[in-house]
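In our numbering, the protein residues as written are 327 to 926.
From the three backbone atoms N, C-alpha and C, an ideal C-beta is built for every residue, glycine too.
Bear in mind that the values here come from a model prediction, so they are computed numbers and not experimental data.
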Amino acid sequence: MKLRSCYVALASSSLLVAAALAHAECKIGKMVELAVTMSGLSPTVPVKVNGAEVRLIADSGAFYSVITAASAAELNLKLGQAPGQIRLVGIGGTSQTWVTTVKEFTLGTVSIPRVEFLVGGSEPGNGAVGYLGQNVLGLADVEYDIANGAIRLMRPSDCGNSMLAYWATSIPYSVIDIDRASPLSPHTGGTAYINGVKIRVLFDTGAATSMLSLRAAARAGVRPGGAGVVTAGLSRGIGQGTVNTWIAPFASFKIGDEEVRNTHLRLSDISLENAEMLIGADFFLSHRVYVSNSQHKLYFTYNGGPVFNLATNPVSAPALAPPSAVAAQPMEEAQAPGDASVDTAVDAATFSRRGAASAARRDFEHAIADFTRACELQPDNASYLYQRGLARWNNGQPAPAMDDLEQAIKLKPDYVDALVTRAQLRLSAGDRSGAGADLDAADRFAAKEADIRFVIASAYGRAGLLAPAIAEYDLWIPAHRQDTKLADALDGLCWARALEGHDLDKALDDCNAALRMRPNAARMLDGRGLVRLRLGQFDKSIADYDAALNQQPKDAWSLYGRGVDKIRKGMIDPGQADIDAAMALQPRVVEEAKHFGITP
């Protein structure tokens, strides 16, 4: 089959900005405005799929719009075979691909009949079911104003080469040339410089953080292992694999007329077809961007604050994770923010979207203030209370966060995200019973294929509730075989079965499958070591623990498990030495292991 173009006619509303433009007759019509809510570092927009309200991540780096297979099943969409030359490619590899037709797709206030989506890839998380790609975002010019909660499709007329950053009447702006877009090559690409070396960049709102390829970094004289370069965890993408990342210092990053000196960039071993760096959502948060497909130019102004998010382990932490899961980003790039004296927010939804953008930049003080205004204007809106609760938790205020979550759940008892978040907050306070009750409620309300079941399973495991954790993994895995979290789910299932001490042959299969996907991963070796300890395969268990400890020598559970192996083999003194070392690192490890019947 052949993918149809879903370029459609959208009604244009008047946006009179001629006074701001050089060309006397130049006008810009606003075709449609999409309300953007940042979920983490993902810009999500509300749409309707055959009447069902869902969210998509606005992804300027996607050539076509995508829905995941599990979400397509949940939305009762029929799948067809994708054209042979079509495949989804990204960080982590490729994904099996299908195609589906949405009979009625609603974008903003516009309903579009029979819109095609590709189906496949990993779950995007953040409450989204897929990605809104360039077959929609490339309809005309597009303005990314995500710090203020908006993406606008724009139609200039009689503008010639006039400057189109219509808001920049009294602030500096930059402009760069971009590639001429076409249906076969719709991406927004341009040129930047690192340490004076010219590189090709791709503007990709679907990438949470900007990322430079190792090859381009090497051309600029920077490599892993060099001075000041530190590891930054794993990054995930469309496929099942992961890639290592690093944070590295650079003397200069320059794009257009904007130059950031003595900065840091994230590096990864990525291979992009026509670019050497992804300019991600972190850049779009710190800038207002106008992509002029009509002029083949990109205009942008600086909003203030850090240009790039440099948190370690940026995407490997589970969704809805507690605040400690992500490190705070360095702030050496921070500059004076723009004028905040003029408050343009006029309603609760605008305050909420702006608050979400501040939270994405870890500016929790301003986020909480905006969420509070939204709650004051609409006190019966559970979503605003939930958002403020998350911001308060991340700001080190667990008690007010709990109050917000409880009020949100009182207003909306089937609010799955709020239930799971309250469970995690209770777990952090040691309330396993309360957490279990919240997770049981979330399990009742969540759709069978829902991606949040992965988070529910992980939380059940943290609560020591192994049987329901296993049940959740068994629900999530069949619907997410293409997902990048599959290896983590198999590892979690292996661990739950190993701790429970049942179905150990299945547990060993789960661990082996996870290790085939992530060879030599320490946590997965640790889990297989425990399974083999349970099975009485002490030498193989010790070998797994040795391999895990070679990577993480201060892992208490690996030391304890290896100690139990050795003592059971009659190696009393070496075994006790491992157990003593484990207790020195984690005093409760013996008590926790004994709870599951794991003793010498």
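Check your understanding: At a cut of 8 Å, does the segment 815–822 reach the segment 852–868 through at least three beta carbon pairs?
Key -> yes
Check your understanding: In or out: His921 buried (at least 16 other Cβ within 10 Å) or exposed?
Key -> exposed
Review point. Which of helix, strand or coil does DSSP assign to Ala660?
Key: Because Ala660 sits at a pLDDT of 35, beneath the cut-off of 50, its placement in the model cannot be relied upon, and the point is left open.
Exercise for review: Could you give the DSSP three-state label for Lys736: helix, strand or coil?
Suggested key: helix
Exercise for review: Whole angstroms is fine: what's the gap from Ala577's alpha carbon to Leu875's?
Suggested key: 37 Å
Exercise for review: Could you tell me which residues DSSP pairs with Asp503 in its beta bridges?
Suggested key: Checking the DSSP bridge columns, you'll see Asp503 partnered with Lys623.
Practice item. Would you kindly work out how many angstroms separate the C-alpha atoms of Ile764 and Ala693, rounded to a whole number? Key: In the sequence on display, residue 764 carries Asp and not Ile. Looking at the two C-alpha atoms, the distance is approximately 26 Å.
Check your understanding: Using the C-alpha atoms, what's the distance from Ala789 back to Ala910?
Key -> 23 Å
Point to revise | Short Cβ contact (7 Å threshold) for Asp530 with Gly459 | key: no
**Study point:** Neighbourhood of Pro879 by C-beta distance below 8 Å, restricted to the same chain and skipping five residues each side
**Key:** The beta carbon of Pro879 lies closer than 8 Å to none in the same chain, with the five residues before and after it left out.
Review point. Smallest Cα separation from Glu691: which of Gln621, Arg381, Asn720 and Met357?
Key: Asn720
Check your understanding: Does the Cβ-Cβ distance between Tyr390 and Ala491 come in under 7 Å?
Key -> No, they are not a contact pair.
Practice item. Excluding the 5 residues preceding and the 5 following Asp870 in the sequence, name in chain order all residues of the same chain whose CB lies nearer than 8 Å to its CB. Key: Leu851, Asp852, Arg854, Gly855 and Arg858
Practice item. Report the partner residues of Val556 according to the DSSP bridge assignment. Key: Ile573
Point to revise | Cα-Cα separation, Ala399 to Leu405 | key: Across the structure, Ala399 and Leu405 are spaced so that their CA atoms are roughly 9 Å apart.
Check your understanding: Buried or exposed: Arg748, going by 16 or more other Cβ atoms within 10 Å of its Cβ?
Key -> buried
Check your understanding: For Asn720, which of helix, strand or coil comes out of DSSP?
Key -> helix
Review point. What separation, rounded to the nearest whole angstrom, lies between the Cα atoms of Pro450 and Thr432?
Key: A direct Cα-to-Cα measurement between Pro450 and Thr432 gives close to 20 Å.
Check your understanding: Thinking C-alpha only, which one of Arg779, Ala793 and Cys485 is nearest Pro804?
Key -> Arg779
Practice item. Quick one: grab the DSSP three-state call for Phe389. Key: Three-state result, Phe389: coil.
Review point. DSSP beta-bridge partners for His590?
Key: Pro575
Point to revise | Residue span of the alpha helix (DSSP H) that contains His441, given as start and end | key: Correcting the residue type first, residue 441 is Val in the shown sequence and not His. Premise fails: Val441 lies in the beta strand (DSSP E), Val436 to Gly446, not in any alpha helix (DSSP H).
Practice item. Just grab the DSSP bridge partners of Asp467 for me. Key: Met480.
**Study point:** Exposed unless 16 or more other CB atoms sit within 10 angstroms - verdict on Arg752
**Key:** Arg752 is buried by the Cβ-count criterion.
Check your understanding: In terms of DSSP beta bridges, what is Leu458 paired with?
Key -> Ala384
Check your understanding: Could you check where the alpha helix (DSSP H) with Glu702 kicks off and where it finishes?
Key -> Phe690 to Leu703
Point to revise | Own chain partners of Ser483 with C-beta closer than 6 Å, once the 5 adjacent residues on each side are dropped | key: Lys353
Review point. Roughly how far, in whole angstroms, is the beta-carbon of Thr535 from the beta-carbon of Gly464, given that I think they are within contact range, below 8 Å?
Key: So it is not a contact: roughly 23 Å between Cβ atoms.
Point to revise | Extent of the continuous beta strand (DSSP E) to which Pro926 belongs | key: Counting along the chain, Pro926 falls outside any beta strand (DSSP E), and DSSP gives it neither H nor E.
Review point. Quick one: Cα of Lys580 to Cα of Arg614, how far?
Key: 17 Å
Practice item. Take Arg849 as the anchor and find which of Lys832, Tyr470, Gly827 and Trp883 has the nearest alpha-carbon. Key: Selected option, being the one with the closest Cα: Trp883.
Review point. According to the Cβ coordinates, are Arg888 and Asp904 closer than 7 Å?
Key: Closer than 7 Å, so yes.
Review point. Is Val527 helix, strand or coil when you go by DSSP?
Key: strand
Check your understanding: If you count every other CB in all the chains shown that lies within 10 Å of the CB of Gln621, and 16 or more means buried, which is it?
Key -> Counting Cβ neighbours within 10 Å, Gln621 comes out buried, since at least 16 surround it.
Review point. Is Lys404 helix, strand or coil when you go by DSSP?
Key: coil
Exercise for review: Please report how far the alpha carbon of Gly486 lies from the alpha carbon of Ala727, in whole angstroms.
Suggested key: 52 Å
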